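S.K.:
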């Protein structure tokens with residue numbers, strides 16, 4: 002059963018200010034909670050239906066995990082989803098500190114002011130799929146622990162380390178041997194230029210692209226060309242969605258690491 | 002000024018049933034409305050602020066376009082957006098009939114039961130960017146004229162023809178010379194197999210993938226491999242988002258048409 006205080010506490014975690022105060026966030030849905038249970042995240046408390054607990058509790062790690070049986074109706078009073086799942090977890094927000102040395106020899110995504118929760122979650126899912134070791138966000142990027150972001154990662158939040166930092170400070174501290182790729186209209190055709198198997202790929206804001214403060218650190222300007230044959234004053238889309246651009250870039254970088262076709 | 006009847010009519014067009022009854026949909030925001038004005042869509046009526054009309058009206062096509070000056074406050078009473086723009090248009094839904102013959106020599110996206118409005122809009126934007134000549138949707142796919150879909154196309158709805166049809170009937174009527182590509186877990190590595198410059202690419206439902214009824218028409222099973230180095234029982238994301246998969250497939254098909262790298 003959910004007490005009135007628990008309902009209030011869970012609902013409060015939908016706000017960034019309260020998440021920062023309590024250092025907790027909420028995760029919902031069976032796949033997401035199971036993925037988090039297998040990760041380095043520490044689950045504080047799980048609220049689940051009797052059915053869900055019966056099916057899954059045998060696989061839980063031992064330790065001080067609080068497990069509370071609740072009804073569908075109770076879950077619907079605290080869910081951040083349109084259709085509540087069978088389980089909701091309160092999870093500790095870990096301390097996250099980037100070790101720039103760990104980025105050598107890997108491909109890292111840097112997000113400059115991504116504002117849409119769906120985009121951030123989708124980019125983390127893309128990073129998971131394409132084996133990107135870390136996602137580094139500007140301090141203006143939407144909060145990782147926003148329930149919409151957590152949901153859109155589809156469990157990938159459990160596997161991809163995400164950090165927030167001042168990007169100019171971060172980029173200026175990188176070894177000069179690391180290529181920093183950024184997408185610009187006047188950049189080189191991504192399909193037709195040399196790409197290293199490691200380095201930094203910067204994804205810019207949904208409407209403004211990469212900011213001037215960050216652009217000056219870019220060593221390799223790239224561009225995903227349009228294949229539209231449209232004519233006239235608006236021949237094709239002005240741009241790709243930020244997460245779509247991230248996917249095309251990751252795909253092209255990673256493809257090069259396996260073979261030449 | 003907006004009459005009470007106009008407010009009621011515009012708001013009614015947020016519902017599919019009413020759109021089908023009136024054969025009209027709404028489009029909001031300056032870029033989207035300007036893109037539609039340059040397209041084959043017929044705009045019935047434009048509601049815009051005085052500022053917007055002053056900046057743009059000189060470029061309007063002649064003809065029986067009704068233009069009404071409204072206030073920001075009036076727009077906020079009819080908008081489907083969180084932040085209303087300066088302009089809202091009522092647009093005619095055209096009659097749309099596929100000509101299968103027109104698909105020869107082109108690359109076509111087929112969507113099998115895409116439910117998320119953001120995904121459909123994003124896929125249309127991807128189609129626009131990558132020069133896909135048509136998007137063909139199952140009858141169960143979310144409605145193109147849903148305001149969230151229209152918005153997510155970012156204007157690409159004005160340039161990409163989208164059709165709804167029974168996919169089994171459509172696919173069974175195609176010439177056998179056309180390859181039909183579909184993404185399956187056991188498919189061939191997309192980066193490492195022959196891809197034609199024309200054919201059909203099928204994108205499946207967000208959670209269920211390509212349905213059995215449609216899968217039987219697939220001639221070439223493909224797969225976007227994961228590059229994750231994760232280990233354990235949940236080593237990486239189970240799948241890519243539907244629009245992300247569409248982007249990676251379009252990118253890979255189109256890349257092959259320009260060069261071998």
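Residue numbers (this note's numbering), protein chains in the order written: chain A, 2 to 262; chain B, 2 to 262. Just so it is clear, CB atoms sit at the ideal spot from N, CA and C, and this is done for glycine as well. Since we're looking at a predicted model, the values are computed, not measured.
I'd like to check one pair, residue 105(B) with residue 29(B): are the Cβ atoms closer than 8 Å?
M.R.: Locating residue 29(B) in the second chain gives position 28, counting from the first residue. Locating residue 105(B) in the second chain gives position 104, counting from the first residue. No, the Cβ-Cβ distance between residue 29(B) and residue 105(B) is not below 8 Å.
S.K.: With the cut-off set at 8 Å, would you say residue 182(B) and residue 249(B) are in Cβ contact?
M.R.: Looking up residue 182(B) in the second chain gives position 181. Looking up residue 249(B) in the second chain gives position 248. Note that the C-beta distance between residue 182(B) and residue 249(B) is not below 8 Å.
S.K.: Report, in whole angstroms, the separation of the C-beta atoms of residue 142(A) and residue 164(A), which I expect to be a contact under 8 Å.
M.R.: Working through the first chain from its first residue, we reach residue 142(A) at position 141. Working through the first chain from its first residue, we reach residue 164(A) at position 163. Actually they do not touch by this definition, with Cβ atoms about 10 Å apart.
S.K.: Does any C-beta atom of chain B lie closer than 8 Å to the C-beta of residue 130(A)?
M.R.: To locate residue 130(A), count along the first chain from 1; it is residue 129. Closer than 8 Å to some Cβ of chain B, the Cβ of residue 130(A) qualifies, so yes.
S.K.: Quick check on the burial criterion: 16 or more other C-beta atoms within 10 angstroms. Buried or exposed for residue 160(A)?
M.R.: Your numbering for residue 160(A) matches position 159 in the first chain. Classification of residue 160(A): buried, given that the 10 Å Cβ count is 16 or more.
S.K.: Using a Cβ-Cβ distance under 8 Å, would residue 299(A) count as near chain B?
M.R.: Because chain A is modelled from 2 through 262, residue 299(A) falls outside the range shown and cannot be assessed.
S.K.: If you draw a straight line from the alpha carbon of residue 17(B) to that of residue 200(A), how long is it in whole angstroms?
M.R.: Position 16 of the second chain holds residue 17(B). Position 199 of the first chain holds residue 200(A). Taking C-alpha positions only, residue 17(B) is separated from residue 200(A) by approximately 47 Å.
S.K.: Does any CB atom of chain A fall closer than 8 Å to the CB of residue 15(B)?
M.R.: Looking up residue 15(B) in the second chain gives position 14. For residue 15(B), the answer is no, since every Cβ of chain A falls outside 8 Å of its Cβ.
S.K.: I'd like the list of long-range same chain contacts for residue 1(A), defined as Cβ closer than 6 Å, with 5 residues on each side in sequence excluded.
M.R.: Residue 1(A) lies beyond the residue range present for chain A, which begins at 2 and ends at 262; the question has no answer from this structure.
S.K.: If we ignore side chains and look at the alpha-carbon of each, how far apart do residue 262(A) and residue 126(A) end up?
M.R.: As a working note, residue 262(A) is residue 261 in the first chain. As a working note, residue 126(A) is residue 125 in the first chain. Bear in mind that a pLDDT of 47 at residue 262(A), under 50, signals an unreliable position, so the model cannot answer this.
S.K.: For residue 8(B), collect the residues of the same chain with a Cβ closer than 7 Å to its Cβ; drop the 5 residues on either side in sequence, then sort them by chain order.
M.R.: Position 7 of the second chain, counted from the start, is the residue given in the question as residue 8(B). Cβ neighbours of residue 8(B) beyond the five flanking positions: 78 and 79.
S.K.: Residue 2(B) and residue 71(B): beta carbons closer than 8 Å?
M.R.: As a position in the second chain, residue 2(B) is number 1, starting the count at 1. As a position in the second chain, residue 71(B) is number 70, starting the count at 1. Yes.
S.K.: Given a cut-off of 8 Å on the beta-carbon distance, is the pair residue 37(A) and residue 88(A) in contact?
M.R.: Locating residue 37(A) in the first chain gives position 36, where the first residue counts as 1. Locating residue 88(A) in the first chain gives position 87, where the first residue counts as 1. Cβ distance not < 8 Å, so residue 37(A) and residue 88(A) don't count as in contact.
S.K.: Hey, which unbroken runs of the beta strand (DSSP E) at 3 residues or more fall wholly within the segment 119-157 of chain B?
M.R.: 135-139
S.K.: How many angstroms separate the CA atom of residue 205(A) from the CA atom of residue 177(B)?
M.R.: Counting from 1 along the first chain, the entry for residue 205(A) is found at position 204. Counting from 1 along the second chain, the entry for residue 177(B) is found at position 176. Their backbone Cα atoms lie some 43 Å apart in a straight line.
S.K.: Figure out for me which residue from 256(B), 226(B) and 6(B) has the closest Cα to the Cα of residue 191(A).
M.R.: Translated into the one-based positions of the first chain, residue 191(A) becomes position 190. Nearest of 256(B), 226(B) and 6(B) to residue 191(A), Cα basis: 256(B).
S.K.: Would you list, in chain order, the members of the segment 197-222 of chain B that have their beta-carbon closer than 9 Å to a beta-carbon of chain A?
M.R.: Residues are counted here when their Cβ sits less than 9 Å from a Cβ of chain A; for the segment 197-222 of chain B the count is zero.
S.K.: So what's residue 27(A) in DSSP terms, helix, strand or just coil?
M.R.: What you label residue 27(A) is simply residue 26 of the first chain in a count that begins at 1. Correct three-state label for residue 27(A): strand.
S.K.: Would you tell me roughly how many angstroms separate the C-alpha atoms of residue 19(B) and residue 13(B), rounded to the nearest one?
M.R.: As a first step, residue 19(B) must be located in the second chain, where it is residue number 18. As a first step, residue 13(B) must be located in the second chain, where it is residue number 12. Approximately 6 Å between the Cα atoms of the pair.
S.K.: Please identify the residue among 58(B), 145(B) and 151(B) whose C-alpha is closest to the C-alpha of residue 68(B).
M.R.: In the second chain, counting from the first residue as 1, residue 68(B) sits at position 67. Residue 58(B) holds the alpha-carbon nearest to the alpha-carbon of residue 68(B) among 58(B), 145(B) and 151(B).
S.K.: Could you name the residues of chain B that residue 244(A) contacts, counting a contact when the two beta carbons are closer than 7 Å?
M.R.: Reading the first chain from its first residue, position 243 is the one you call residue 244(A). Going along chain B in sequence order, the residues near residue 244(A) (Cβ under 7 Å) are 245.
S.K.: 8 Å is my cut-off, CB to CB: does residue 126(A) come that close to chain B?
M.R.: Mapped onto the first chain, residue 126(A) falls at position 125. With 8 Å as the cut-off, residue 126(A) counts as an interface residue toward chain B.
S.K.: Could you tell me whether any non-hydrogen atom of the ligand ZN is closer than 7 Å to the CB of residue 107(A)?
M.R.: With respect to the ligand ZN, the structure shown offers nothing to examine, as it has no ligands at all.
S.K.: Does DSSP put residue 90(A) in a helix, in a strand, or in coil?
M.R.: As a first step, residue 90(A) is located in the first chain; it is residue number 89 there, counting from the start. Residue 90(A) falls in the strand class under three-state DSSP.
S.K.: Can you list, in chain order, the residues of the segment 171-191 of chain B whose Cβ is nearer than 7 Å to any Cβ on chain A?
M.R.: none
S.K.: Pick helix, strand or coil for residue 262(B), following the three-state DSSP scheme.
M.R.: The count along the second chain starts at 1 and reaches residue 262(B) at position 261. Legend: pLDDT at residue 262(B) = 47, less than 50; position of this residue unreliable, no value from coordinates given.
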